[in-house]
Every structure is written in C-alpha cells, then in structure tokens.
Amino acid sequence: MKSNVSYLGAWLAAAGLAFALAFAAPNDSSVMGRLPAFMAQTLLRQPVTVPEGLPSDRTLALITFKRGQRADVESWIQGMNLRNDPSITWMRMPVLNDPGTLTGRSAVEDRLLQHYTADTERAKMVPVFTDRASFVRSAGLASTDQVYAVVVNRQGEVLARVEGQFDADKAQTLRETLRSQSF
C-alpha cells in the first residue's frame, strides 16, 4: 500500500508537467511567425518603423526575395484589386541581403527606382535590407523560393500567410483576416 505522500508527489509531478506544457505549447504568433522589428523607408523616402509604424492595425505585406518574383506579386495586386481598393492597407516588401554599406543599399534602391517609376508604386515599396535567412525564420516562412502574402499587425504578429501566385480562396482568407477584429 502506497502512502499519501507518494500520491501527493505523483499528483504534484503531473500538475507541474501540465503547467510546463501549457507554457511550452505553441501559440498563434509562434506558429505563424513574427516580423522582426526594423527601420526602413519607402522608395519615396518616407520612414517606416516595422511593426509599430505600420500604416494600419492590419497590413497586407507582399514579400519577395528575388527579382523573378515580381510577376507573382503583381498577380496578388491585380487579383485582389489592391490599387483600387482603399479598404486594404498594403505594401510591397522585397527582402534583400544587406550589402553592408550605404553605397550598396543606394545602388539597390536606384535599381528599384528605375523599375518603379510612379509615385503610387514607390509609396507602397518598402525594401528591407537584412539577412534573408534570419527574416524567413523569424516571419515563419518556408523559404525564399516563394512570394508570400501575409497579414501582420502592429505587434509584428503574422495573422495570416499564403504563398505563391494569386488564388481566389487564399485571397478570401486574407480578406477575412484583414477585416476581423481582435478582442
């Protein structure tokens, strides 16, 4: 026959394990990812502090890593009618390996300025100079091989994420997340 102390010890161990697992269990932000905090500027030289300074409580960020991904981002812009829908706050966010110097970053920005000539395009373009691999890990993305459309809040939490070219069902998921309110 076991003593009450043994039962109490077993119960305390089980309760302690349950408590530890409750804190170790993933939450929404750790599963979906979190944008790292950084300072950037649009191609119009407007400063942006990410994530606190995002233009809306929920912002759609179209994230690219390679020049060849422009067509996929354009499919999201056209598919969701972003240029004509003022109800969605959005930005293009090319994530670029930081060349390490102001001259190197300026050269990259000059190439972007040559490609994006309209002020409306430049106002939405926020180049991010950082370590791509670190950004991918932090944001909960799979790789740099895809374009990502993510809904992010001002705490940097990724609230919704889809990848690849425009898809109406994926777009509906993004729209629902953009419209929903957190309580």
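Residue numbers (our numbering): 12 to 194. No residue lacks a Cβ here, since even glycine has one placed at the ideal position from N, Cα and C.
Whole-angstrom distance between residue j and residue i, CA atom to CA atom
i, j, result
"Ser-67", "Arg-165", "8 Å"
"Asp-178", "Ala-72", "16 Å"
"Gly-111", "Gln-80", "23 Å"
"Ala-134", "Thr-53", "6 Å"
"Arg-45", "Glu-168", "4 Å"
"Thr-184", "Thr-155", "22 Å"
"Arg-186", "Pro-97", "13 Å"
"Ser-117", "Glu-132", "18 Å"
"Thr-114", "Asp-180", "42 Å"
"Ala-48", "Leu-124", "24 Å"
"Asn-95", "Arg-103", "15 Å"
Residue from the options with nearest C-alpha to residue i
i, options, result
"Val-137", "Gly-64, Gln-157, Arg-186 and Ser-145", "Gly-64"
"Ser-191", "Arg-69, Pro-62 and Asp-142", "Arg-69"
"Met-43", "Gln-176, Val-163, Glu-187 and Arg-186", "Val-163"
"Ala-82", "Glu-187, Asp-180, Gln-176 and Arg-186", "Gln-176"
"Arg-78", "Thr-60, His-126, Ala-48 and Gly-115", "His-126"
6 Å CB neighbourhood of residue i in its chain, flanking five on each side removed
i, result
"Thr-75", "Val-84, Pro-105 and Val-158"
"Asp-109", "Phe-140 and Thr-141"
"Asp-39", "Note that Asp-39 scores a pLDDT of 42, beneath 50, so its modelled location is shaky; the value from the coordinates is reported in the next line. Here the set comprises nothing."
"Phe-146", "Val-106"
"Thr-128", "none"
"Phe-34", "For Phe-34, the predicted structure reports a pLDDT of 45, less than 50, and the residue's modelled location is therefore unreliable. A value from the coordinates is still provided. None."
Whole-number beta carbon distance between residue j and residue i, since they are thought to touch under 8 Å
i, j, result
"Leu-189", "Asp-130", "Between Asp-130 and Leu-189 the Cβ distance is about 24 Å, and since that is not below 8 Å, they are no contact."
"Pro-58", "Met-50", "7 Å"
"Leu-107", "Val-139", "7 Å"
"Val-161", "Arg-172", "5 Å"
"Ala-220", "Glu-174", "Residue numbering for the chain in the displayed model covers 12 to 194; residue 220 lies beyond these limits and cannot be assessed."
Own chain, CB closer than 8 Å to residue i, minus 5 neighbours either side, in chain order
i, result
"Ala-93", "Sequence inspection shows Leu at residue 93; the Ala mentioned does not correspond to that position. Around Leu-93: Leu-71, Trp-87, Ile-99 and Trp-101."
"Glu-120", "Leu-54 and Pro-138"
"Arg-143", "Phe-76, Val-106, Leu-107, Asn-108 and Thr-155"
Neighbourhood of residue i by C-beta, 7 Å cutoff - its chain only, sequence neighbours within 5 removed
i, result
"Ala-182", "Gly-90 and Met-91"
"Arg-122", "none"
"Thr-60", "Met-50"
### Query
Which parts of the region 68 to 154 are runs of the alpha helix (DSSP H), unbroken and 4 residues or longer, counting only runs that do not cross its ends?
81 to 90, 113 to 126, 130 to 135 and 143 to 150
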